[in-house]
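Visitor: Please find one structure pasted underneath; my questions will follow.
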Amino acid sequence: MKTLSCEFSRPLLASLMLLLLTPATGLGQTTTGQSVVWDAMSKRYDAQKGETNALFTFGVTNISPAEVVVNAVRTSCGCTIAKVPPLPWRLPPGAHGQIEVKVDLRGKFGLLSKIVSVDTSAGLSLLTVNVNIPQPDGRELNRMLAQADRQAVFRNDCANCHAHPSAGKSGEPLFKAVCGICHEAEHRATMVPDLKTLKKPTDRNYWDNWMRYGKPGTLMPAFAKIAGGPLDDLQIESLVTFLTDHFRPARSSDFGDPFAETSGSGL
Ligand code: HEC
Ligand code: HEC
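Mapped onto the working numbering, the consecutive letters of the sequence shown carry residue numbers 15 to 281.
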């Protein structure tokens with residue numbers, strides 16, 4: 015048995031060694047010989063806290079005497095986008111070109127590695143982009159979760175602070191519990207507007223709409239039960255009444271023609 019296993023493992027070992035000894039595809043090489051050369055097969059970026067995108071540029075040169083055609087460029091996830099000239103992209107002999115790669119960092123941290131495969135008439139090139147994304151703190155993490163899905167505040171652990179305190183409340187106490195938590199926070203985040211100093215006229219409709227449906231694409235969630243929020247119609251009405259009575263930064267007439275500016279900074 016021993017000799018047998020030895021006989022089998024020797025060629026395996028040899029091929030493993032060969033693999034190890036073969037220089038890794040690195041600078042100036044492609045996986046398919048030498049028709050095209052890239053300025054690098056792999057690039058790395060160390061992102062700063064709060065950065066939402068990482069941008070890479072890969073340069074390619076056709077060093078062969080024949081035209082090389084790039085037929086397809088694929089990325090390993092929806093978060094990575096490659097920008098290339100219109101396909102099929104023809105690179106005459108000696109021509110140089112660029113591929114831009116954009117990685118969406120939102121909602122991610124740690125070491126991110128994405129592959130861009132470039133399918134050419136001379137074979138496949140696999141480009142790797144690596145991004146090191148710093149670990150966010152608790153509040154940032156919450157924000158990231160909410161950026162991906164603004165209704166996340168009403169689910170799981172988030173609900174303990176953002177939804178459950180609404181139970182059995184109405185009017186001002188309800189406002190303090192579910193709106194004030196963001197809008198009146200001592201260290202209010204910059205993207206959360208101060209509702210007491212809005213520079214626009216407000217009415218029942220305004221409050222009702224914002225509360226019920228929030229605003230997609232922002233951190234302002236939809237509070238209506240039918241929209242996935244924690245508040246029933248009576249609670250929403252009690253808030254509308256409270257807000258129209260108490261949150262009047264100025265009379266509408268102070269704004270001149272209310273139709274002159276239909277959307278403010280937040281809209
Ligand atoms: C222990 C209570 C608590 C929990 C749990 C909680 N939050 Fe918050 N959240 C707050 C408070 C308080 C604020 C106001 C800002 C501050 O003081 O940090 C806030 C503010 C926010 C904001 C506004 C932006 C900002 O940074 O101020 C978002 C978005 C948010 N939370 C999302 C979430 C999400 C998503 C979860 C669950 C993953 C969550 N929160 C869990 C208490 C909580
Ligand atoms: C998780 C944090 C959070 C909570 C909780 C929250 N808001 Fe907001 N709200 C925001 C953010 C962020 C915006 C800014 C949206 C944008 O970018 O336009 C906003 C915008 C608004 C606006 C629009 C202001 C403008 O510029 O015209 C109104 C009105 C509003 N919120 C009311 C409320 C009310 C009422 C509640 C409670 C029922 C509430 N919000 C709860 C985060 C929150």
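Note that beta-carbon positions come from the ideal geometry of N, C-alpha and C, so glycine has one too.
For LYS11, which residues in the same chain have their Cβ closer than 6 Å to its Cβ, ignoring the five residues on either side in sequence?
Guide: This structure cannot speak to residue 11, because the chain is shown only from 15 to 281.
Visitor: For ligand 2, I want to know if VAL192 counts as a neighbour, meaning its beta carbon is within less than 6 Å of at least one of the ligand's heavy atoms.
Guide: Mapped onto the sequence shown, residue 192 falls at position 178. Flag set: Cβ of VAL192 near ligand 2.
Visitor: CB ASN146 to CB LYS116, shorter than 7 Å?
Guide: Along the sequence shown, one-based indexing puts residue 146 at 132. Along the sequence shown, one-based indexing puts residue 116 at 102. Not a contact, by the Cβ cut-off of 7 Å.
Visitor: Per DSSP, ASN67 forms a beta bridge with which residues?
Guide: Locating residue 67 in the sequence shown gives position 53, where the first residue counts as 1. The partner list for ASN67 (beta bridge, DSSP) reads ASP118.
Visitor: Could you say which of SER139, VAL50, ASP163 and VAL98 lies nearest to MET234 if we only look at CA atoms?
Guide: Residue 234 sits at position 220 when you count from the first residue of the sequence shown. Out of SER139, VAL50, ASP163 and VAL98, ASP163 has the C-alpha closest to the C-alpha of MET234.
Visitor: Could you tell me the alpha carbon to alpha carbon distance between THR89 and LYS97, rounded to whole angstroms?
Guide: If you number the sequence shown from 1, residue 89 lands on position 75. If you number the sequence shown from 1, residue 97 lands on position 83. So the alpha carbons of these two residues sit roughly 11 Å apart.
Visitor: Following a CB-centred definition, is ASP151 positioned closer than 6 Å to any heavy atom of ligand 1?
Guide: Position 137 of the sequence shown, counting from 1, holds the residue named residue 151. No, the beta carbon of ASP151 sits no closer than 6 Å to any heavy atom of ligand 1.
Visitor: So if DSSP puts ARG164 in a beta bridge, which residue, or which two residues, is it bridged to?
Guide: Taking the first residue of the sequence shown as 1, we reach residue 164 at position 150. DSSP, once it has assigned bridges, lists no residue as partnering ARG164.
Visitor: Identify every residue that forms a DSSP beta bridge with ILE250.
Guide: Along the sequence shown, one-based indexing puts residue 250 at 236. In DSSP, ILE250 forms no bridge with anything.
Visitor: Quick check on DSSP: helix, strand or coil for GLU144?
Guide: Position 130 of the sequence shown, counted from the start, is the residue given in the question as residue 144. It is worth fixing the name first, because residue 144 is Asn in this sequence and not Glu. ASN144: strand per DSSP, three-state reduction.
Visitor: Is it the case that the stretch 173-193 contacts the stretch 244-262, given that we only count it when at least three CB pairs across the two stretches are under 8 Å?
Guide: Because the criterion of three Cβ pairs below 8 Å is met, the stretch 244-262 and the stretch 173-193 touch.
Visitor: Is the distance from the Cβ of SER49 to the Cβ of ALA109 below 7 Å?
Guide: Stepping through the sequence shown from its first residue, residue 49 is reached at position 35. Stepping through the sequence shown from its first residue, residue 109 is reached at position 95. No; because the gap between Cβ atoms is not below 7 Å, this pair is not in contact.
Visitor: With distances taken from CA atoms, which of ARG157, ALA54, PHE123 and GLY111 is nearest ALA203?
Guide: On the sequence shown, residue 203 is found 189 positions in, with the first residue counted as 1. Of the listed residues, the one whose Cα sits closest to ALA203 is ARG157.
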